[in-house]
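Asks:
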Amino acid sequence: MSRTGPLHAGRRTVGSGDLRQGNLTQILRHVRDHGPSSRHDIAHGCGLGISTMTDLVGELRARGLVRELEPVRRPGAGRPTKPIALDGDAWCVLGVQLDMLEASFVCTTVGGRELWREQVPLQLLHSGPERGFTLFHEALCGQLRRVPEGKGLVAVHIGLPGYVAGDGGTVSWCPTLGWDGLPLQTAVYDTVYGAGWEEVTVGIEHDGHLAALQAVRAELPAPMPGVAIYLGGLRELNGGVVIDGEIFRGADGGAGDLGHIRVQPDGPECGCGRRGCLASLLNPEQLLLRSGLVPASEAARLTTVEPVRGLQMLVEAARAEHAGVLSALEDGGRALAVALDGILGTLNPHVVVLGGYLGLLRSSLLGTLRDGIDTRTAVGPFAATRVTGLEAVSVDRVVLGAGLAARDAVLQDPLNLTHVL
Numbered sequence: 078m079s080r081t082g083p084l085h086a087g088r089r090t091v092g093s094g095d096l097r098q099g100n101l102t103q104i105l106r107h108v109r110d111h112g113p114s115s116r117h118d119i120a121h122g123c124g125l126g127i128s129t130m131t132d133l134v135g136e137l138r139a140r141g142l143v144r145e146l147e148p149v150r151r152p153g154a155g156r157p158t159k160p161i162a163l164d165g166d167a168w169c170v171l172g173v174q175l176d177m178l179e180a181s182f183v184c185t186t187v188g189g190r191e192l193w194r195e196q197v198p199l200q201l202l203h204s205g206p207e208r209g210f211t212l213f214h215e216a217l218c219g220q221l222r223r224v225p226e227g228k229g230l231v232a233v234h235i236g237l238p239g240y241v242a243g244d245g246g247t248v249s250w251c252p253t254l255g256w257d258g259l260p261l262q263t264a265v266y267d268t269v270y271g272a273g274w275e276e277v278t279v280g281i282e283h284d285g286h287l288a289a290l291q292a293v294r295a296e297l298p299a300p301m302p303g304v305a306i307y308l309g310g311l312r313e314l315n316g317g318v319v320i321d322g323e324i325f326r327g328a329d330g331g332a333g334d335l336g337h338i339r340v341q342p343d344g345p346e347c348g349c350g351r352r353g354c355l356a357s358l359l360n361p362e363q364l365l366l367r368s369g370l371v372p373a374s375e376a377a378r379l380t381t382v383e384p385v386r387g388l389q390m391l392v393e394a395a396r397a398e399h400a401g402v403l404s405a406l407e408d409g410g411r412a413l414a415v416a417l418d419g420i421l422g423t424l425n426p427h428v429v430v431l432g433g434y435l436g437l438l439r440s441s442l443l444g445t446l447r448d449g450i451d452t453r454t455a456v457g458p459f460a461a462t463r464v465t466g467l468e469a470v471s472v473d474r475v476v477l478g479a480g481l482a483a484r485d486a487v488l489q490d491p492l493n494l495t496h497v498l
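Last residue of the sequence shown: number 498 in our numbering, and the count goes up by one each step with no gaps.
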C-alpha cells in the first residue's frame, strides 16, 4: 500500500503563512550563504529584531541546525560576539543521479559534510518504469542501509535526464529511461519509508537543473550572480536557470530546456522529434558524427558507454586542427550563439556558464560564440553579461547538485523535518 501522508513535496513552499517557519529559514539561509555571522549581522540581513533572534537561534540550536562558535572581537569597541554557524551534523541527506548506465549517490550532513559517495552500475537506458524502478529500488535500499546509526535521514533528492510534472513527483518526459508517467516521488518515498525513515522530504528534478545549481552555488567565484544560465552535460546538452541561488523551473518544470531551443528551422532532426534544435548540432554524438571522426554507430556507442573518451577525441582532434572537427565546432558555436542571443535578450543574465563537455571544448567554441553575440553584448545592459567556462568535466556535478538541493529542502522546512535533540 502506498503511503503518501507524511511525504513532503521537494519543491513546494513548506510553511507558507507560518511566520516562525519563514524566519527560521531566513536565518538558516543567511548562515548558509554568508558563513558564520554575528546575531547582529543575521538580524540585519533577515530584517529581524535582536530579541526575536535570540528565541529563533535557540530553537535552531536545540534542533542541532546551528551552533555557536568561540567569541570573536568585532572591529571597534564592544564585547566579543559568538558567531552563529550552520551545523546540521545530526541530520543527513541523500543526493541521487539517475543516468543511462549508473546511479550515483552522495550522502552528506545538512551542514554539507560528505559522509560517502558511490556510483552503482545500473542498466537504466530504455528500461521502462517497472523494470527500471525495480533496479533502482534495490540500489537505493543498499544506500539507505549505510546511513550511520545516530543520524536522521531527512531528505532525498533525485536528478534524472527528464522532466517532472508540476505536481513535483510524476515523470512527464524521460525518453532516455522510458519512465514517462512513473509516480517517482511516491515510489521513492515508499522505498524510504519501508527502510524505516518516515519524516523525509523527497524531491525529483531534471538533472540539468541540478548541475546548474551546483555550478552556480559551489563552483563560481563569489559573489553569487543574481541571474545565471548554465549549459553543459556529459552525454547530451542540458541546462538550467538559477535566480538568486534557486532553481527557476517556470510554469511546469520546463524552464532551462536550452538544448531544445530551435536555432535552425530546416536543420537536422533532433531526438525530441523536432528539427534544428541546438542539441541536434551541438550534442557530443552529433559533433563526433559531423566531424567525420567516427561512423554513426561508433559515435552512438562512445557517447553512451565511453563519453569522456569521445570528448577527449574531439579535444585532441581540435588541437591537431582536424578540419572536420573544427568545422563541426564552428557550426556548433554559431548555433550556440543564436540560442544565447535570444536568452540574453529575454533574461539579461549576469553570467552564462559553459560546463560539462562545453567547458571542455570552450577554447574551440568561444571565438565563434563571441563573434555571434558581439552585436548583442555591445548594446546597453547586455554588455554586463559575462560568458565563462568551467574547466573540468565533473561527472559528479549533478549528484552533488542533488545533495545541495536536499540540504536546501531541510533549511526550508526545519520544523517538520527535524526535532529537538
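Every residue gets a Cβ at the ideal spot worked out from N, C-alpha and C, and that includes glycine.
(1) Reducing DSSP to helix, strand and coil, say where GLU179 ends up.
(2) Looking at the structure shown, is ARG223 part of a helix, part of a strand, or coil, going by DSSP?
(3) Label LEU488 either buried or exposed according to how many other C-beta atoms from any shown protein chain fall within 10 Å of its C-beta, with 16 as the threshold for buried.
(4) Leaving out the 5 sequence neighbours to the left and right, which residues in its chain are closer than 7 Å to GLU362 when beta-carbon positions are compared?
(5) Have a look at the DSSP bridge pairing and note the partners of GLN174.
(6) Quick check on DSSP: helix, strand or coil for ALA328?
(7) On the criterion of 16 or more Cβ atoms from any shown chain inside 10 Å, does LEU146 qualify as buried, or is it exposed?
(8) Within the continuous alpha helix (DSSP H) that includes VAL265, where are the two ends?
(9) Would you give the residue range spanned by the alpha helix (DSSP H) that GLU136 belongs to?
(10) What's the C-alpha gap between ARG447 and LEU438?
(11) Within a Cβ cutoff of 6 Å, which residues of the same chain sit near LEU221, ignoring the five residues on either side of it in sequence?
(12) Starting from HIS283 and walking both ways along the beta strand (DSSP E), at which residues does that stretch end?
(13) In whole angstroms, give me the CA-to-CA distance for GLY165 and LEU137.
(14) When DSSP builds the beta bridges, which residues end up paired with GLY317?
(15) Is THR495 helix, strand or coil when you go by DSSP?
(16) Is the stretch 384-395 close to the stretch 272-290, with three or more CB pairs under 8 Å?
(17) How about LEU201 and LEU217: do their beta carbons lie closer than 8 Å?
(18) What span of residues does the alpha helix (DSSP H) with GLU147 cover, start to end?
(19) Classify LEU212 as helix, strand or coil using the three-state DSSP reduction.
(20) DSSP state of ALA455, grouped into three classes?
(21) Quick check on this structure: which residue in ARG326, LEU364 and GLN98 has the alpha carbon closest to the alpha carbon of GLU390?
(22) What does the alpha-carbon distance come out to for the pair LEU494 and THR278?
(23) For VAL497, which residues in the same chain have their Cβ closer than 7 Å to its Cβ, ignoring the five residues on either side in sequence?
(24) Rounding to the nearest angstrom, what Cα-Cα distance links LEU175 and TRP256 in this structure?
(25) Quick one: which unbroken beta strand (DSSP E) runs of 3-plus residues sit fully inside the stretch 365-401? Chain order, please.
(26) Roughly how many whole angstroms lie between the Cα atoms of SER471 and GLY433?
(27) Enumerated in chain order, which unbroken segments of the alpha helix (DSSP H) with a length of 4 residues or greater are wholly contained in the stretch 408-474?
(28) Could you tell me the alpha carbon to alpha carbon distance between ALA295 and GLY336, rounded to whole angstroms?
(29) Should the stretch 155-163 be regarded as contacting the stretch 102-113, the criterion being three or more beta carbon pairs within less than 8 Å?
(30) Is it the case that the Cβ atoms of ALA143 and VAL170 are separated by a distance below 8 Å?
(31) Relative to the C-alpha of ALA167, which candidate in LEU230, LEU370 and TYR240 has its C-alpha closest?
(32) Going by DSSP in three states, THR253 sits in which element: helix, strand or coil?
(33) Is the separation between the beta-carbon of PRO260 and that of THR247 shorter than 8 Å?
(34) Should ASN425 be labelled buried (16 or more other beta-carbon atoms within 10 Å of its own) or exposed?
(35) Counting only the same chain and skipping the five closest in sequence on each side, list residues whose C-beta sits under 6 Å from that of TRP64.
Replies: On the basis of the supplied data:
(1) Correct three-state label for GLU179: strand.
(2) Here ARG223 sits in coil by DSSP.
(3) With a 10 Å radius around the Cβ and a threshold of 16 neighbouring Cβ atoms, LEU488 comes out buried.
(4) Taking GLU362 as the centre and dropping the five residues before and after it, the same chain places the C-beta of ALA376, ALA377 and THR380 closer than 7 Å to its C-beta, in chain order.
(5) Answer by DSSP bridge pairing, in chain order: SER181 and GLY236.
(6) Note: ALA328 maps to coil in three-state DSSP.
(7) Burial is judged here by how many other beta carbons sit within 10 angstroms of a residue's own beta carbon; LEU146 has fewer than 16 and is exposed.
(8) Residues 261-271.
(9) Here the alpha helix (DSSP H) through GLU136 covers 127-139.
(10) Cα to Cα, ARG447 sits roughly 14 Å from LEU438.
(11) Correct list, in chain order: ALA272.
(12) Per DSSP, HIS283 belongs to the beta strand (DSSP E) from 278-283.
(13) Rounded to whole angstroms, GLY165 to LEU137 spans 10 Å at the Cα level.
(14) DSSP lists TYR307 as the beta-bridge partner residues of GLY317.
(15) Note: THR495 maps to coil in three-state DSSP.
(16) Result no; under three Cβ-Cβ pairs closer than 8 Å.
(17) Annotated as distal: LEU201 and LEU217, with beta-carbon spacing of 8 Å or more.
(18) No alpha helix (DSSP H) contains GLU147, which DSSP labels as neither H nor E.
(19) When secondary structure is reduced to three states using DSSP, LEU212 falls in the helix class.
(20) It is coil, neither helix nor strand.
(21) Correcting the residue identity first, residue 390 is Met in this sequence and not Glu. Among ARG326, LEU364 and GLN98, the Cα nearest to that of MET390 belongs to LEU364.
(22) Using only the alpha carbons, I get a separation of about 8 Å.
(23) Closer than 7 Å at the Cβ level, and outside the excluded window around VAL497, lie ALA139 and ARG140.
(24) Taking the straight line from one Cα to the other gives about 11 Å.
(25) Counting only runs of 3 or more, we get nothing.
(26) If you draw a straight line from the Cα of SER471 to the Cα of GLY433, it is about 6 Å long.
(27) Counting only runs of 4 or more, we get 433-437 and 439-454.
(28) Rounded to whole angstroms, the separation of the alpha carbons of GLY336 and ALA295 is 23 Å.
(29) They touch, by the three-pair rule.
(30) It should be pointed out that residue 143 corresponds to Val in this sequence rather than to Ala. Not a contact, by the Cβ cut-off of 8 Å.
(31) Of LEU230, LEU370 and TYR240, the smallest CA-CA separation from ALA167 is found for LEU230.
(32) The answer is coil: DSSP assigns THR253 none of H, G, I, E or B.
(33) Yes, the Cβ-Cβ distance between PRO260 and THR247 is below 8 Å.
(34) Exposed: under 16 other Cβ atoms inside 10 Å.
(35) The structure shown does not extend to residue 64, since the chain is modelled only from 78 through 498, so no value can be given for it.
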